[in-house]
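In my numbering, the protein residues as written are 6 to 137.
Where is the CB? At the ideal position from N, CA and C, for every residue including glycine.
These figures come from a predicted structure and were not determined experimentally.
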Amino acid sequence: MARPIKPKLVGEAPRTDYFKPRGIPMAQLKELNLTVEELEALRLVDLEGMYQEDAAREMGVSRQTIQRMITEARAKVVEALVAGKALRIEGGSYILREGAGRYRCGRCGGEFPSRQGRRGKGWACPSCDSKG
């Protein structure tokens with residue numbers, strides 16, 4: 006049995022969910038998917054200038070996990086820029102901070118309001134009954 010995916014803490018919802026190169030019709034574009042937590046890891050480390058250890062603590066994950074997310078996210082962003090691919094921002098397993106958000110189940114992709122506002126025990130996905 007696979008280990009359950011822990012939701013990561015995300016400070017803010019993405020302001021947009023899609024980027025595409027100008028001048029290329031949508032029908033001709035290949036797409037890459039950047040998860041919400043990968044974007045949050047990039048935001049904290051590259052935009053906010055946090056050390057990886059501090060960003061990991063902010064998201065409720067280990068430093069190794071944040072390093073892996075940043076490496077994967079940077080590779081996707083660079084591939085989209087260099088190869089002229091679209092970048093869709095969606096998915097993942099996350100909870101928005103301060104109870105003002107939603108939870109997206111890492112198992113089935115179902116989405117529902119977060120009552121806790123921070124990672125905690127006792128939540129269950131209403132779609133697939135995956136436990137957190």
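Of all alpha-carbon atoms in L101, A78, G89, the one lying nearest the alpha-carbon of N38 is that of A78. Scanning G16, P9, G28, Y23 for the CA closest to the CA of V82 turns up Y23. Within 10 angstroms of the beta-carbon of A32 lie fewer than 16 other beta-carbons, which makes it exposed.
Contact check between the stretch 12 to 19 and the stretch 86 to 93: fewer than three CB pairs, one atom from each, fall below 8 Å, which does not count as touching. DSSP places A91 in the uninterrupted beta strand (DSSP E) bounded by 91 to 94. Within the same chain, and ignoring the five residues on either side of I29 in sequence, the residues whose Cβ sits closer than 7 Å to its Cβ are G89.
For E36, the enclosing beta strand (DSSP E) has its first and last residue at 36 to 39. Contact between S98 and G115 does not hold, since their C-beta atoms are separated by about 11 Å, which reaches or exceeds 8 Å. Assignment of I75 by DSSP, reduced to helix, strand and coil, places it in the helix class. Counting only runs of 4 or more residues that sit fully inside the stretch 39 to 74, the alpha helix (DSSP H) segments are 41 to 47, 57 to 64, in chain order. A Cβ-Cβ separation of about 21 Å leaves L52 out of contact with A91 under the 8 Å criterion.
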